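A quick write-up on the structure given underneath.
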Amino acid sequence: MRIIITGATGFIGNYLCKLLLEHNYEIVVLTRNASKARKNFGSMVTCVEWDARTNNGWQEYVEGAYAIINLAGAGIADNLWTESYKKQILESRVSATKAVVMAIEAADEKPKVLLQGSATGIYASRGDEVLDESSAKGDSFLADVVDEWEAAAKSVEKMGVRVCYLRTGVVLGKDEGILKKLSLPFKLFVGGTPGSGKQWFSWIHIEDEVNIIFHLLKNEGAEGVYNLVSPDPLRIADFCQQMGSVINRPSWIPVPAFMLKLVMGQMAEETALVSQRILPRRLMENGFRFSYPSLKPALQDLLD
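Numbering of the sequence shown is given in this note's numbering, commencing with residue 385 and proceeding in unit increments.
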């Protein structure tokens, strides 16, 4: 079965492609740099140059494909949030999604399922409130971005295509993603808690992230919104203590909120200082089994 993936060269997409190859799927990667992608994935993957705005050059692959997995978008933490980069964060997601919708609409034999990238940023910062898939949208820049991102894919639901929205939390991976940035100060003996330490932190191991996507891909009854987070959110102070314990380093130098805001601006309020106590209610109801439901084994796997 053919799977088309956007954002495949990113952190999550790279792991996902490897998993799908292990299960003998035919993979078509849409990318701005096909030659670089070919070097990364090898001959087992078809890499197609894409402008992330149209269906030019890849419409033929949509005919008869089983699924499109749309993960394309500029990295949230790749740059400081200047007005121009905030615009890029939004437009890169919405434009790519509109192109995917255009391709599905134009296909005579449409894909069975669209797995649409999304994020827990839609809930914004909510203190101690317990959040699940039924929780309302929050009020923040990222909440607005994710809302528009999901809305751009909504019309596909009326085309007879199953759609799942992948509201992903903070993904932890070995030598990649946010964990590499978070663990470095600890390894240098200057690790500590950002802000008050009371903010809730909703995380997921990269293995569980891609296994959930695979689960939703195969499960024909799965549709709608899913929170891709572990069932064990915890306060950021506890996260830092456990990380320090795993790598045998202290968590002893707190980083005041005002300093984070001074350096990072609005980005600090919506990333390092955000409080999100999120549960994967729908996944738990569907019986999905997490390989890493609690933090310490996840950190031991990724940091040891």
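Even glycine gets a Cβ: it sits at the ideal position worked out from N, Cα and C.
All of these numbers come straight from a predicted model, not from anything done at the bench.
Asked: Tell me whether A598 sits in a helix, a strand or coil according to DSSP, three-state version.; Found: What sits at residue 598 in the sequence shown is Phe, not Ala. Three-state result, F598: helix.
Asked: Quick one: give me the first and last residue of the beta strand (DSSP E) that T552 is part of.; Found: R546 to T552
Asked: May I have the straight-line CA-CA distance separating D592 from L687, to the nearest angstrom?; Found: 16 angstroms
Asked: Thinking S509 and G522 are a contact (beta carbons under 8 angstroms), I'd like their distance in whole angstroms, please.; Found: 7 angstroms
Asked: What span of residues does the alpha helix (DSSP H) with Y610 cover, start to end?; Found: Counting along the chain, Y610 falls outside any alpha helix (DSSP H), though it belongs to the beta strand (DSSP E) covering G608 to L612.
Asked: Can you tell which of T552, S629 and R546 has its C-alpha closest to the C-alpha of E607?; Found: R546
Asked: Is the segment 579 to 599 in contact with the segment 607 to 618, if contact means three or more CB pairs nearer than 8 angstroms?; Found: yes
Asked: Between the C-alpha atoms of N408 and F672, what's the straight-line distance to the nearest angstrom?; Found: 22 angstroms
Asked: Quick one: residues in its chain with C-beta nearer than 6 angstroms to the C-beta of V497, no 5 flanking neighbours on either side, listed in chain order?; Found: A451 and R546
Asked: CB-CB under 8 angstroms to S678, same chain, minus the five flanking residues each way: which ones, in chain order?; Found: S614 and D616
Asked: How about G483 and T438: do their beta carbons lie closer than 9 angstroms?; Found: Reading off the sequence shown, one finds Ala at residue 483, where the question assumed Gly. Yes, they are a contact pair.
Asked: Sorted by chain position, which residues of the same chain lie with C-beta nearer than 8 angstroms to G441's C-beta, five sequence neighbours on each side aside?; Found: V432, E433 and W434
Asked: Based on DSSP bridge pairs, tell me the residues matched to F585.; Found: L618
Asked: Mind checking L404: buried by the 16 CB within 10 Å criterion, or exposed?; Found: buried
Asked: Note down, in chain order, each residue of its chain lying with its Cβ closer than 6 angstroms to the Cβ of M621, except the 5 sequence neighbours on either side.; Found: It should be pointed out that residue 621 corresponds to Ala in this sequence rather than to Met. The answer, listed in chain order, is T577 and G581.
Asked: M643: buried (16+ other C-beta within 10 angstroms of its C-beta) or exposed?; Found: exposed
Asked: Do you know how far the Cα of T393 is from the Cα of L515?; Found: 30 angstroms
Asked: Need the endpoints of the beta strand (DSSP E) that L563 sits in, please.; Found: Premise fails: L563 lies in the alpha helix (DSSP H), G561 to K571, not in any beta strand (DSSP E).
Asked: Please work out which residues of its chain come closer than 6 angstroms, Cβ to Cβ, to V554, disregarding the five sequence neighbours upstream and downstream, and give them in chain order.; Found: I562 and W587
Asked: Using the three-state DSSP reduction, which class does P578 fall into: helix, strand or coil?; Found: strand
Asked: Does E444 pass the burial test, meaning 16 or more other C-beta atoms within 10 Å, or should it be called exposed?; Found: exposed
Asked: Output needed for M385: all residues of its chain with C-beta closer than 7 angstroms, excluding positions within five of it in sequence on either side, in chain order.; Found: Y409, E410 and Y450
Asked: From S675, S518, P640 and W636, pick the residue whose C-alpha is nearest to that of H589; which is it?; Found: S675
Asked: Output the residue ranges of the beta strand (DSSP E) runs that lie fully inside the segment 496 to 533 and measure 3 residues or longer, sorted by chain position.; Found: 497 to 503
Asked: Could you please give me the residues that DSSP links to I637 through a beta bridge?; Found: Paired residues: none, contrary to the question.
Asked: Please report the residue range of the alpha helix (DSSP H) in which A458 lies.; Found: Where A458 is concerned, there is no enclosing alpha helix (DSSP H), given that its DSSP letter is neither H nor E.
Asked: Apart from the five residues just before and just after G391, which ones in its own chain have a Cβ nearer than 6 angstroms to its Cβ?; Found: G397, L455 and A456
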